[in-house]
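Participant: Sharing a structure with you now.
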Amino acid sequence: MEAHGAGLRRVLVLAFCVAGIWSAYIYQGVLQETLSTKRFGPDGKRFEHLAFLNLAQNVVCLVWSYMMIKIWSRSSAGGAPWWTYWSAGITNTIGPAMGIEALKYISYPAQVLAKSSKMIPVMLMGTLVYGIRYTFPEYICTFLVAGGVSTFALLKTSSKTISKLAHPNAPLGYGLCFLNLAFDGFTNATQDSLTARYPKTTAWDIMLGMNLWGTIYNMLYMFGWPQGIGFEAVRFCKQHPEAAWDIFLYCLCGAVGQNFIFLTISRFGSLANTTITTTRKFVSIVVSSLLSAILCQLNNGAV
Numbered sequence: 085m086e087a088h089g090a091g092l093r094r095v096l097v098l099a100f101c102v103a104g105i106w107s108a109y110i111y112q113g114v115l116q117e118t119l120s121t122k123r124f125g126p127d128g129k130r131f132e133h134l135a136f137l138n139l140a141q142n143v144v145c146l147v148w149s150y151m152m153i154k155i156w157s158r159s160s161a162g163g164a165p166w167w168t169y170w171s172a173g174i175t176n177t178i179g180p181a182m183g184i185e186a187l188k189y190i191s192y193p194a195q196v197l198a199k200s201s202k203m204i205p206v207m208l209m210g211t212l213v214y215g216i217r218y219t220f221p222e223y224i225c226t227f228l229v230a231g232g233v234s235t236f237a238l239l240k241t242s243s244k245t246i247s248k249l250a251h252p253n254a255p256l257g258y259g260l261c262f263l264n265l266a267f268d269g270f271t272n273a274t275q276d277s278l279t280a281r282y283p284k285t286t287a288w289d290i291m292l293g294m295n296l297w298g299t300i301y302n303m304l305y306m307f308g309w310p311q312g313i314g315f316e317a318v319r320f321c322k323q324h325p326e327a328a329w330d331i332f333l334y335c336l337c338g339a340v341g342q343n344f345i346f347l348t349i350s351r352f353g354s355l356a357n358t359t360i361t362t363t364r365k366f367v368s369i370v371v372s373s374l375l376s377a378i379l380c381q382l383n384n385g386a387v
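No gaps in the numbering here: position 86 of the sequence shown is 170 in the numbering used here, and each next residue is one more.
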């Protein structure tokens, strides 16, 4: 009976993590689309420095995790030391940047198609680099989810969009996606290894370590020289406070989402987390399609 109760609590915690990750990142996706398409101010300028969002999110998540550790008196004694996250911090900084860069060379559905197989490199890196063993049902689940999301992405892609994938830069786009997946796989496998070596590591410990190094690397990249894009992004936010508010909400969603992500990793491992975030892409596409249809109807009604 006690084992049954523990199993039920574990299921409820997992369901709580799924709800938190989906809600936070689906809304964050809406904000990201707004920031990338909206025109701000009377001059109608766009916010072109989307990479700055990574740094802003790192800073907010770093402060958030530090506050949570202090408020809940969670000591890091016995947890993974902050310096052990340096390598995962590098790959976690470069990987997402490559994913964004890939959109310049391939379509969004093509990118979703490529990244829907994210669980595969996570398992490969875990096995090859850290010797992690996965069960047969986990392998089956991985290929079923990757295949399902890939099929959905293909069905959502028009023949016109598919024809664009033959663009001469398509190999570069897919190459960037491959590197993005490889870096993500190493990041997740490293996090699994750290939680295995340091069992007392909490979700907030992981969040603090990852965002500390992410902040350091992104600060060097964006403010390390006079022409760094960080200076231009800050000037834009000063000129357009509305954009700064959207960025703050974006970062807040990221902080909430990361809290659930690292809770999932610390309790269930990176493979479970990757499964949740991969299926979230499917939901994001559905939400994006519904919002686009609603906006189209509103615009037609206003004419």
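By construction, the Cβ of each residue, glycine as well, lies at the ideal position given by its N, Cα and C atoms.
Treat the numbers as computed from the prediction; the structure is a model and nothing was measured.
So the alpha helix (DSSP H) Q311 belongs to, where does it begin and stop?
Facilitator: Counting along the chain, no alpha helix (DSSP H) covers Q311, and no H or E run does either.
Participant: With 16 as the cutoff for other CB atoms within 10 Å, does L149 come out buried or exposed?
Facilitator: The identity of residue 149 in the sequence shown is Ser, whereas the question assumes Leu. By the 10 Å Cβ count, S149 comes out buried.
Participant: Run the CB neighbour count on R123, radius 10 Å, all protein chains shown included, and call it buried at 16 or more, exposed below.
Facilitator: exposed
Participant: For S242, is the classification buried or exposed, using 16 other Cβ atoms within 10 angstroms of its Cβ as the cut-off for buried?
Facilitator: With a pLDDT of 46 at S242, under the threshold of 50, the predicted position of this residue should be treated as unreliable, and no value is reported.
Participant: Taking the continuous alpha helix (DSSP H) assigned at R351, which residues delimit it?
Facilitator: 325 to 352
Participant: Should T177 be labelled buried (16 or more other beta-carbon atoms within 10 Å of its own) or exposed?
Facilitator: buried
Participant: So, with DSSP's three-state summary, where would you put F124?
Facilitator: strand
Participant: Could you name the residues that DSSP lists as bridge partners for K129?
Facilitator: F124
Participant: Tell me whether Y111 sits in a helix, a strand or coil according to DSSP, three-state version.
Facilitator: helix
Participant: Measuring alpha carbon to alpha carbon, tell me which residue in W297, K129, L146, S107 is nearest A65.
Facilitator: This structure cannot settle anything about residue 65, because the visible part of the chain is limited to 85 through 387.
Participant: Can you list, in chain order, the residues of its chain with a C-beta nearer than 6 angstroms to that of Y169? Leave out the 5 residues immediately preceding and following it.
Facilitator: G293, M294, W297
Participant: Taking Cβ to Cβ, would you say M182 is nearer than 8 angstroms to L260?
Facilitator: yes
Participant: Going straight from the alpha carbon of A273 to that of F267, what length do you get?
Facilitator: Note on geometry: alpha-carbon atoms of A273 and F267 lie some 10 angstroms from one another.
Participant: How is K284 classed by DSSP in three states: helix, strand or coil?
Facilitator: coil
Participant: Terminal residues of the continuous alpha helix (DSSP H) containing L134?
Facilitator: Run containing L134: none; DSSP gives neither H nor E here.
Participant: Could you check whether the region 109 to 118 touches the region 275 to 293, counting it as contact only if at least three pairs of C-beta atoms, one from each stretch, sit closer than 8 angstroms?
Facilitator: no
Participant: Cutting at 7 angstroms between CB atoms, please list the residues of its own chain near I290, excluding the five before and the five after it.
Facilitator: The beta carbon of I290 sits closer than 7 angstroms to the beta carbons of Q275, F346, I349, S350 from its chain, once the five residues preceding and following it are set aside; these are given in chain order.
Participant: Helix, strand or coil for G163? Go by DSSP, reduced to three states.
Facilitator: Assignment of G163 by DSSP, reduced to helix, strand and coil, places it in the coil class.
Participant: Helix, strand or coil for W156 per DSSP?
Facilitator: coil
Participant: Buried or exposed, going by whether 16 or more other CB atoms sit within 10 Å of the CB of K244?
Facilitator: Model confidence at K244 stands at a pLDDT of 45, short of 50, so the residue's coordinates are unreliable; what they give is reported in the following sentence. Result: exposed.
Participant: Looking at C-alpha atoms only, which residue of G179, V144, L139, C101 is the closest neighbour of C337?
Facilitator: V144
Participant: Is the beta carbon of I190 closer than 8 angstroms to that of A135?
Facilitator: Going by C-beta atoms, A135 is not nearer than 8 angstroms to I190.
Participant: Please state the DSSP three-state secondary structure of R75.
Facilitator: Nothing about residue 75 can be reported from this structure: the residues present for the chain run from 85 to 387 only.
Participant: Please return the same chain residues whose Cβ sits closer than 7 angstroms to the Cβ of A356, not counting the five positions on each side in sequence.
Facilitator: T348
Participant: By the 10 Å Cβ neighbour count, where 16 or more other Cβ atoms means buried, how is V105 classified, buried or exposed?
Facilitator: Just to set this straight, residue 105 is Ile in the shown sequence, not Val. Burial call: buried.
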